[in-house]
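Sequence lines, in order, name chains X and S. For the first sequence, position 282 (counting from the first letter as 1) is numbered 282 according to our numbering, and the numbering increases by one without interruption. When you read off a place in the second sequence, starting at 1, and then add 1000, the result is the number in our numbering.
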Amino acid sequence: MPGLFDRPPPPREPRVLTVGELTRRLKGAVEPVFQDVWVSGEVGNLRRQPSGHVYFGLKDADASVDAVLWATTARKVKFDLRDGTEVVARGRIEIYAPRGRYQLVVQEIEPRGAGARAVALQQLKERLAAEGLLDPARKRPLPFLPGRIGVATSTSGAALQDFLRVVHGRFPGARVLVAGCRVQGDGAAATVISALRLLVDSGVDVAVVTRGGGSADDLWEFNDERLARSIAACPVPVVSAVGHEVDVTVADLVADVRAATPTHAAEVVVPVRDDLVASLSALRGRLVRAEGNALGERRRVLRALRAELSDPRRILSDQRRRLDEALHRLEGAAAAWLRVERARVASAAETLRRREPRALLRELRRRRDAARERLVAWSAATFRRESTRVAGLAARLEPANVAMILSRGFALALRDGRPIRRSGEAVPGDSLRVVLGEGWLDTRVESRDTPPAPIPGLPARTDEA
Amino acid sequence: MTVSREKKPPQEAVAEPYDQIVERLEKLVVELEGGKLPLEKSLETFAEGVKLAREAGRKLDEAERRVELLLRAEDGSVVARPLGEEDDGA
């Protein structure tokens, strides 16, 4: 019999679940529904494990969810995933039973607005290209040695320090004008434009726009359309050095020269002073040497000419010598002829003597006399002719005009065929041939005076008398 | 707010650029080395060469290193200050 004091039967309760059962049921209820979802939120608490797996949280104002990028997926992520990035992620919800936590296992992840941004960027590039602003032909050469170099960059960044260091390393005296601006974050592009204008108004010869490396987000402001147009319209050449080698922003595309880094920009903008000094030095050396050679050559020629002209007395003695030689040859020829004739006459006489002495002898004597007369006449004529000829030759040979001197009335006195200058060179009784302006005279010295003192200006000769 | 390409601001008297001076000097030197110049011309050429070399050397010798920070004054004019005195980067 049920007693009063029997415990009443327990009320009908739901079935008691184990934790495992509960978790399993939750998994079964939730996971299929959220097998493929897109979630947007802000990344926070990002941890990268050595294994390569990336754990982070996705949150918004109201809630947050744990997320994970397994290593294989994480490797494929192209952008810089970090705390604060707004993203859109595709994945599935998994409930991790042992911990009772759920997480979003991410298959794909992108920065929010990345898709739209990429399209806009592409369209901007196409627009600028269509206007010809990206055309390589419009890129201007940089001035070889700019008087003023302008830089638009952050005054607190390492890019400026790198740039200045390399510029002054290459060219210590370079003048650099710095216009400060912001290089990332909303509105930075406008500050770069102002900075550029400031540089142009200050009269720079070249403008450098630069900043250090960063993510695509960091560099994003340098894709700004108005900044690109300012660079394109800049009256001085622009060097753009934004980010690293691989990052190319629109500013880089529009600039006249693109440099990979601030350091590279410095190399492109200014030459190495020492190199220029060395080549200028070499040019100076060549200039001086070339002139020295030119002058030296002329001096040599002048010296040679002067040497030839220096001694007028030498010219006179040369001509005197020529005259002597001409007369000598003349006498030699006449003497030789005489010898030949004499020999001929002698042999003819000898022949005749053998045949008919007296008549022949007379005949021969007659011939001989005739010959002698002819000889004398010939000699005289020849001598006359030859001396005239020689005098003529002398006159032609001797522009310093020994002949003219003779024709003015001076005479040349020859003793043994050699000219004498002083009375001391002859003694009474000597035969002297006196060569006149025209013709000559054979004379004999009757007397002479006491040899006078040598006439100044004439070379002294040893007394031959 | 773009910068106009037509409006290049006035600068101090624009001297001949360095590379042009050196190019002229090189031409003179080659002419002189050719040895075919008459004497007066070669002296003239030499004198001109010395002048050019001096001018080029002067440009290289500008030793005063200057780094200036530019700022826009309220009236729109440009103010320059040696870098180091200011450290805000705008």
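The C-beta atom is built at its ideal place from N, Cα and C for all residues, glycine as well. Note that this is a predicted model, so its numbers are computed, not measured.
Assigned secondary structure, residue i (DSSP; H/G/I helix, E/B strand, else coil)
i                : result
proline 136/X    : helix
glutamate 1048/S : helix
threonine 261/X  : coil
glutamate 1012/S : Only weak support is given to the placement of glutamate 1012/S: the predicted model assigns it a pLDDT of 42, under 50, and the value that follows is read from those uncertain coordinates. Of the three classes helix, strand and coil, the one that applies to glutamate 1012/S here is coil, per DSSP.
glutamate 110/X  : strand
threonine 1002/S : Confidence is the limiting factor: at threonine 1002/S the pLDDT is only 49, short of 50, which leaves the residue's position unreliable, though a coordinate-based value still follows. Coil.
glutamate 1085/S : Caution is warranted here: a pLDDT of 41 is assigned to glutamate 1085/S, below 50, making its placement in the model unreliable, and the coordinate value is therefore given only provisionally. Here glutamate 1085/S sits in coil by DSSP.
glycine 443/X    : Before going on, a small fix: residue 443/X reads as threonine here, not glycine. Threonine 443/X falls in the strand class under three-state DSSP.
arginine 117/X   : helix
leucine 280/X    : helix
lysine 76/X      : coil
threonine 23/X   : helix
lysine 1007/S    : Here lysine 1007/S scores only 45 on pLDDT, less than 50, and its place in the model should not be relied on; the value that follows carries that caveat. Of the three classes helix, strand and coil, the one that applies to lysine 1007/S here is coil, per DSSP.
glycine 57/X     : strand
valine 206/X     : strand
threonine 351/X  : helix
glutamate 297/X  : helix
alanine 152/X    : strand
arginine 322/X   : helix
glycine 292/X    : helix
glutamate 131/X  : coil
glutamate 267/X  : helix
Contact set between residue i and chain X, taken where Cβ atoms lie within less than 8 Å
i              : result
proline 1017/S : Pro143, Phe144 and Leu145
lysine 1059/S  : Leu145
Span of the beta strand (DSSP E), counted from its first residue to its last, around residue i
i             : result
lysine 1036/S : Run containing lysine 1036/S: none; DSSP gives neither H nor E here.
arginine 82/X : Segment: none, arginine 82/X is in no beta strand (DSSP E) and carries neither H nor E.
leucine 432/X : 431-435
valine 39/X   : 37-48
Chain-ordered neighbours of residue i on chain X, where CB pairs are closer than 7 Å
i                : result
arginine 1072/S  : Leu198
glutamate 1055/S : Near glutamate 1055/S there are no residues of chain X at all, since even the closest Cβ is about 10 Å away, more than 7 Å.
glutamate 1026/S : Leu283
Neighbour-count burial assignment, residue i, 16 or more Cβ in a 10 Å radius
i                   : result
threonine 462/X     : Below a pLDDT of 50, predicted positions are generally treated as unreliable, and threonine 462/X, at 49, falls in that range; the measurement from the model is reported next regardless. Exposed: under 16 other Cβ atoms inside 10 Å.
phenylalanine 163/X : buried
glutamine 123/X     : exposed
histidine 264/X     : buried
tryptophan 440/X    : buried
valine 270/X        : buried
glutamate 386/X     : buried
leucine 302/X       : exposed
phenylalanine 144/X : exposed
proline 111/X       : buried
asparagine 45/X     : exposed
arginine 25/X       : exposed
leucine 22/X        : exposed
glutamine 161/X     : exposed
proline 136/X       : exposed
proline 146/X       : buried
glycine 41/X        : buried
leucine 305/X       : exposed
threonine 388/X     : exposed
serine 347/X        : exposed
glycine 180/X       : buried
phenylalanine 410/X : exposed
Neighbouring residues, chain S, relative to residue i (Cβ below 8 Å)
i               : result
serine 240/X    : In chain order: nothing, as chain S lies at least about 15 Å away.
leucine 124/X   : Ordered by position in chain S, no residue passes the 8 Å Cβ test against leucine 124/X, which lies about 15 Å from the chain.
leucine 287/X   : Leu1025, Leu1028, Val1029, Leu1032, Phe1046, Gly1049, Val1050 and Ala1053
glutamate 470/X : As shown, chain X starts at 1 and ends at 465. That puts residue 470/X outside it, with no answer to give.
Range of the contiguous alpha helix (DSSP H) that encloses residue i
i                   : result
phenylalanine 163/X : 158-170
threonine 191/X     : 188-201
serine 230/X        : 225-233
leucine 253/X       : 250-254
alanine 216/X       : 216-219
Chain S contact residues for residue i, given Cβ-Cβ distances below 7 Å
i              : result
leucine 276/X  : Leu1060
arginine 298/X : Leu1039
arginine 273/X : Leu1060
Residue(s) in a DSSP beta bridge with residue i
i                : result
glutamate 1068/S : Leu177/X and Pro1082/S
arginine 211/X   : Val242/X
aspartate 66/X   : Gly57/X and Gln103/X
proline 419/X    : Leu414/X
valine 88/X      : Ser40/X and Glu110/X
9 Å Cβ cut-off: residues of chain S touching residue i
i               : result
valine 176/X    : Arg1065, Arg1066, Val1067, Glu1068 and Leu1083
arginine 211/X  : Ordered by position in chain S, no residue passes the 9 Å Cβ test against arginine 211/X, which lies about 11 Å from the chain.
leucine 280/X   : Val1022, Leu1025, Ala1053, Ala1056, Gly1057 and Leu1060
glutamate 221/X : Ordered by position in chain S, no residue passes the 9 Å Cβ test against glutamate 221/X, which lies about 14 Å from the chain.
CB contact check: residue i to chain C, cutoff 7 Å
i               : result
histidine 168/X : Within the model displayed, chain C is absent; protein chains X and S are what it includes.
Residue i CB to nearest heavy atom of the ligand MN below 6 Å
i             : result
leucine 305/X : In the structure on display, the ligand MN does not appear, and there are no ligands present to speak of.
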